[in-house]
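Here is the structure we will look at, set down as structure tokens.
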Amino acid sequence: MKRTVPLMIVMVGGILMMIQYFIPHQYSQVVFDNYTEWAPIVGAFALLLGVGSLTRVHSHRIKRKAPNWPYSWAVLIPLFGMPFLALIWPESLWGGSDSPSVFHFLFMNIQVPIQSTMFSLLAFYIASAAFRAFRAKSALATVLLLSAVIVMLAQVPIGEIFGPWLQNTGLWILRYPNLAAKRAIMLGVGFGILATNLKIIFGVERNWLGGAGE
Amino acid sequence: MRKDWIMLPAVLILLMFPALTIAQPAEVVAEDSVENLTPIADSLSAEVPEDSVLAGGTDLRPVGREPLEEPGTVLLPPGMVTVADHPNDAGDQLIVVFEPSLSDEGLFAHAVYRREVGQGDDAWALVEVIPAGEPNEFVDGFDPDYPVEPGVQYEYMVAAQDLDGNEYQGPVSRAEITAMGEFYHTGKTRVLFAGGLFIFLIFYYFGRAQRGAKMYLRPIAGIDAVDEAIGRATEMGKPILYVPGLSSISDVATIASLTILGRVAKKIAQYGTPLMVPNRDPIVYTVADECVKQAYLEAGRPDAYDPDSVFFLTTSQFAFVAGVNGIMMREKPATNFYLGMFWAESLLLAETGSLSGAIQIAGTDAVTQLPFFITTCDYTLIGEELYAASAYLGREPKQIGAVKGQDACKAIIMGFITLALILGILDLTAGTHTLDWLRQIVTMPVVD
């Protein structure tokens, strides 16, 4: 019963959604809209479970004095402190309505810079990964290196000094070999998604219920 | 009678116009004309009765002054409006075609008004403004402020607008039909056919697999390496990190990742190796938690299950990356799995994992992230391999049948591509148009 009911819900819902795709009538649209409106509602409740999980994990770490346990305070204090500031103390830092609230101040001056820093690291990581990927250790790796150099030079203004052939070659690499490979992957992905959906709808794949499907 | 009452003030204003233009400087008059004439024209448009001269399509001048630049220029009003139901919709669209104004000079746009049959003159709503020279046809119902209701009969009226905002209104046309929703989208017949064929092939191979037919699956290095990666972590006594992507549960890649997690967790439970599963999406967290818990139960090691092994981190993309990278650098897991949907964080995660010295197995259907994983990870499941991984790990007949069904569909597509290639070469060399025939078969004209 614990498995049959969810399987039936998924099967009926999945088949309904498949049929709905071919029915443009307003009744069909209403069903679809109602169905999709449920997702955010479920998500809102699940967020509470997520916060509960985070709190539990870090409380245990502090309680057990696990390695690096003080970092757990760095998670828990902002986790509850920020909503507290936003809801209970929505006032500005220095009073009045001209200056930002404490929550806004902390968000803009701590969280935003930290997130920007994380994203900025990507530039250095790309350079590091490119260095590793473009080592010409074999014939294929050399082809990759040459293609990458041509495509990169074709995208930047300095590439113009080599003449139009470079840009044309770069475009050709992007439009033909590169796009062909991308389309092949996307075609496979499309079939994979369809097959996975069918397996879930018809109960062949049951791991999502919890367990290995036996 | 009513027509006469409308005409009387109009004639009076027209008579006053020359006197005003003489009394005022030309620039002031020009400003005044722009500011004041439009409301007058609008008010006229709201007072068009069905039985009026306008309704009959007679050329009626607006209650306003003549354009200063070209005195005496009068636009011919547009003609009748024809309305048809839009096919393959929810009954909320109508195709409106009108006879445009025959005046070319001075025509700025056509304004299309709509009201329900039986409503008053105040009910006219401007639903579309079509610039001069544009096609005299549009689909009504796109504007959410003026939706077309199914089963409701409407009246339309089109007015020609000149550069000064004066409107020359055409007749009121009653739509003979109402918007109706259809129960089948005729433009999706090809999708239905292709989908039906695909489902048939999947079930055909399900059946074959269940009857015991031997099916060959080509080995995938990334999947073969799962056991080795788990064994390595066990030998080193270090944990295994499994990131099920950053997308929501509605993403099929996430579901595929969770099915793999169930199988990987079962092997991990058998070895007794610590597992860490950080999650970005709270719903994915709850499903992942259930998957791991059940896997430990099925492995006969429910006591080894650690409730803190599957945990939620944050919904923020880069905060999640910071958290997972911190775990990698502090806990030094021996094996990292990145399976699911990833965006810009893919390289940040995989490069940090590479620096920490872990063996890394990645898999995603995000084409743009694949190069990053291929560069930094030891094994990468490319695109559909992510979806096939569950079948490879489980080796259940039905799962393998689904993979073979996918292969059969790909074979059909490859057949079409090969045929198109041959026909394309034939067309180029012989000057024929045989490729059009194939294009008509596979091209999808209407898909919303």
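Same order as they appear, the protein sequences are chains Z and R.
Once you know that position 88 of the first sequence is 88 in our numbering, the rest is easy, because the numbers rise by one and skip nothing.
Adding 1000 to a residue's 1-based position in the second sequence gives its number in our numbering.
In this text, a Cβ means the ideal position worked out from N, Cα and C, and glycines have one as well.
7 Å Cβ cutoff, residue i in contact with chain R
i	result
residue 204 of chain Z	yes
residue 118 of chain Z	yes
residue 23 of chain Z	yes
residue 3 of chain Z	no
residue 26 of chain Z	yes
residue 208 of chain Z	yes
residue 132 of chain Z	yes
residue 10 of chain Z	no
residue 53 of chain Z	yes
residue 104 of chain Z	no
residue 154 of chain Z	no
residue 178 of chain Z	no
residue 129 of chain Z	yes
residue 49 of chain Z	yes
residue 57 of chain Z	yes
residue 43 of chain Z	yes
Neighbouring residues, chain R, relative to residue i (Cβ below 7 Å)
i	result
residue 196 of chain Z	1252, 1255, 1256, 1387
residue 38 of chain Z	The premise fails here: residue 38 of chain Z is roughly 11 Å from chain R at the closest Cβ pair, so nothing lies under 7 Å.
residue 46 of chain Z	1282, 1283, 1286
7 Å Cβ cutoff, residue i in contact with chain Z
i	result
residue 1373 of chain R	no
residue 1112 of chain R	no
residue 1088 of chain R	yes
residue 1259 of chain R	yes
residue 1186 of chain R	no
residue 1202 of chain R	yes
residue 1377 of chain R	no
residue 1330 of chain R	yes
residue 1367 of chain R	yes
residue 1321 of chain R	yes
residue 1308 of chain R	yes
residue 1209 of chain R	no
residue 1128 of chain R	no
residue 1384 of chain R	yes
Chain Z contact residues for residue i, given Cβ-Cβ distances below 7 Å
i	result
residue 1406 of chain R	191, 192, 195
residue 1398 of chain R	204
Local Cβ density within 10 Å of residue i, reported as buried at 16 or more and exposed below that
i	result
residue 168 of chain Z	exposed
residue 125 of chain Z	buried
residue 1360 of chain R	buried
residue 1028 of chain R	With a pLDDT of only 40 at residue 1028 of chain R, under the threshold of 50, the placement of this residue in the model should not be trusted, and no figure is reported.
residue 1346 of chain R	buried
residue 1113 of chain R	buried
residue 207 of chain Z	buried
residue 1294 of chain R	buried
residue 1373 of chain R	buried
Neighbourhood of residue i by C-beta, 8 Å cutoff - its chain only, sequence neighbours within 5 removed
i	result
residue 1244 of chain R	1254, 1257, 1258, 1261, 1277, 1279, 1284, 1288, 1339, 1340
residue 144 of chain Z	133, 134
residue 1309 of chain R	1274, 1275, 1276, 1277, 1292
residue 17 of chain Z	32, 35
residue 201 of chain Z	10, 11, 14, 15, 18
residue 1321 of chain R	1345, 1348, 1349
Listed by chain order, chain Z residues near residue i by CB distance under 8 Å
i	result
residue 1413 of chain R	187
residue 1091 of chain R	25, 26
Amino acids of chain Z, ordered along the chain, whose beta-carbon sits closer than 9 Å to that of residue i
i	result
residue 1316 of chain R	111, 115
residue 1344 of chain R	119, 122
residue 1141 of chain R	The premise fails here: residue 1141 of chain R is roughly 12 Å from chain Z at the closest Cβ pair, so nothing lies under 9 Å.
Per-residue contacts from residue i into chain R (C-beta, under 9 Å)
i	result
residue 35 of chain Z	Correct list: empty, because the minimum Cβ distance to chain R is about 12 Å.
Per-residue contacts from residue i into chain R (C-beta, under 8 Å)
i	result
residue 74 of chain Z	Those within 8 Å of residue 74 of chain Z in chain R number zero; the least Cβ separation is about 10 Å.
residue 31 of chain Z	Those within 8 Å of residue 31 of chain Z in chain R number zero; the least Cβ separation is about 11 Å.
residue 149 of chain Z	In chain order: nothing, as chain R lies at least about 15 Å away.
Spatial neighbours of residue i in its chain, beta-carbon cut-off 7 Å, leaving aside the 5 residues before and after
i	result
residue 1304 of chain R	1269, 1272, 1296
residue 148 of chain Z	134
residue 1356 of chain R	1328, 1329, 1332
Cβ neighbours of residue i in the same chain (closer than 6 Å, five flanking residues each side left out)
i	result
residue 1441 of chain R	none
residue 1043 of chain R	Because the pLDDT at residue 1043 of chain R is just 40, under 50, the model does not fix this residue reliably, and the value given afterwards should be weighed accordingly. Answer for residue 1043 of chain R: no residue qualifies.
residue 1379 of chain R	1221, 1222, 1225, 1361
residue 1202 of chain R	1402, 1405
residue 170 of chain Z	150, 151, 154
residue 1337 of chain R	1242, 1361
residue 199 of chain Z	205
Check: residue i C-beta below 6 Å from any heavy atom of the ligand ATP
i	result
residue 1373 of chain R	Absence of the ligand ATP from the depicted structure is noted, as is the absence of any ligand whatsoever, leaving it without description.
List, from N- to C-terminal side, the alpha helix (DSSP H) runs of 4 residues or more that fit wholly inside the region 4-59 of chain Z. 4-20
Going residue by residue through the region 77-108 of chain Z, where are the continuous beta strand (DSSP E) segments of at least 3 residues, counting only ones entirely within it? none
Unbroken stretches of the beta strand (DSSP E), 3 residues or longer, contained in the region 1106-1132 of chain R: 1107-1116, 1125-1131
Contained alpha helix (DSSP H) runs [length at least 4] in the region 1247-1315 of chain R, N- to C-terminal order: 1252-1271, 1282-1298
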